Amino acid sequence: VGSEMCIRDRFGTNDFIEYWTAFRLLISQTNPYDPALMQQLQQTLGWSEQNPLMMWNPPWLLVIMAPILMLDFPQAATAWLLLNLVLLASIIFFCLDLIGFSSLSRLQRYLSIPITLSFFPLYTSLAVGQLGVLLAFAFIGAIWSIIQKRRFFGTCCLALWTVKIHLFIPIAVFLFLRSLRNHELWTFFIGALLVLGMILLETEYYHPGAIHQRSNAFSASKQSANVIVVERWESATFTCGARLLFSDGDHLPVWLMFFVPAAAIITTALVTIRLGSRLGYLEGSFLSALFSMTLGPFGWVFDFTILLPGYLTCVVRSLAPSIQVSVTRRVALITPLLFVQLFGWICRPLLKEHHLYMWFPPMLSLATAYCLLRSRYPLPPFQTKSKSSQWNIYRRK
């Protein structure tokens, strides 16, 4: 790869370097969380920063991405971008299927494509080669599978949540509380644990001790001076904003990384218990995701791509002819959602730091709440097996 200098400057490659180089260390039986080894490999790809771009995800992510990461870097980055486009098409399908294809005209189905592309965190994820689209796919794929009773696919999607488990804890809490009323959900949970177990075994086969090396990488005694440790991350959630507010020089309080996310988890649990079965799987999952992105321990702009399915569903559903409202009211429903995206696109060339985008999840939350509360009908909850009959029930209501 020595001839591919500065390849990281190409579209879809900047952050993808961390996965490709970590995989090379994994299969060579060396430590993929060693900053010195990561720096050495990344320099051959044109990485000129003083600090290496570390991969902090669990090592089984590399096993999941292995078919792509086995390629040379330029081909691997291209393949990853193409896979992201396929996953993006699947996300659109899942959202439209949950709304009900029969309730949408052909034009409205086609409009889902530009609506999806208007979601500004999506571009960030694609541009740097991050995991945002994969996480959004795993998120909506799991919810779609639960509603449509596709157990095997749902268990695989749930297992993917562990790649960035801190972003999915509120959603998992919501599903757990719903499982107390619907015991069929336990088959998804058990299946996800089995799938995850197989992935862990394969990870140990690739590189015994990789999981232990990852846990050591987070310990203070193992962290290198040329690596920005987790405690100093300035991410794009309100948790980071609170830590910056109470910072003492360069020291950011660590306790807020646990206290603020705990508040999001407790709020999700209380809302789920209070509303019970009246809170459908779609609404509850989207609400939990908004809590997670707003009050999570840390998260980046590309992680906000997890909110894409909720945004797409709300906008497209507001355009559906089954919603008996005037054109003026339809425009009023989706205008706040579109304005949040427009504001994000305007800020993108101006605001370069991730923590400057902590406004995005709460603004999107307010716009989503406005759209749902002002709509005549709620999103279809988990009631019937047939998506067409489910939507017809709401049309008759």
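For the sequence shown, position 248 matches number 250 in the numbering used here, and the numbering has no gaps at all. Each residue gets a CB set at the ideal place from its N, CA and C atoms; glycine is no exception. Remember, it's a predicted structure, so these values are computed and weren't measured experimentally.
- Look at the segment 156–182 and you find these whole runs of alpha helix (DSSP H), each 4 residues long or longer: 171–181.
- Its Cα nearest to that of P364, the residue T241 stands out among L73, L258 and T241.
- Ranked by how close their Cα comes to the Cα of V317, the residues Y359, A81, L169 and I101 have I101 in first place.
- A194 places its beta carbon less than 8 Å from that of A161.
- Counting along the chain, E204 sits inside the alpha helix (DSSP H) bounded by residues L187 to Y208.
- Under the rule that a run must span 3 or more residues, no beta strand (DSSP E) segment is found entirely inside the segment 249–309.
- Between I267 and V165, the gap from beta carbon to beta carbon reaches 8 Å or more.
- Under the three-state reduction of DSSP output, Y372 falls in the helix class.
- One alpha carbon belongs to V303, the other to N33, and they sit about 28 Å apart.
- Around the CB of I201, 16 or more other CB atoms lie within 10 Å, so the residue is classed as buried.
- In the DSSP assignment, P69 falls within the alpha helix (DSSP H) that extends over A68 to L71.
- A distance below 8 Å separates the beta carbons of H168 and G298.
- Rounded to the nearest angstrom, the Cβ distance from G301 to S237 is 5 Å, consistent with a contact under 8 Å.
- With a contact defined as Cβ atoms closer than 8 Å, L64 and F25 qualify at about 5 Å.
- Taking I308 as the centre and dropping the five residues before and after it, the same chain places the C-beta of L137, A138, F141 and A291 closer than 6 Å to its C-beta, in chain order.
- Residue state for W49 is assigned as coil, using DSSP reduced to three classes.
- With fewer than 16 other beta carbons inside 10 angstroms of its own, F248 counts as exposed.
- Nearest Cα to I149 within the set W235, L177 and R319: L177.
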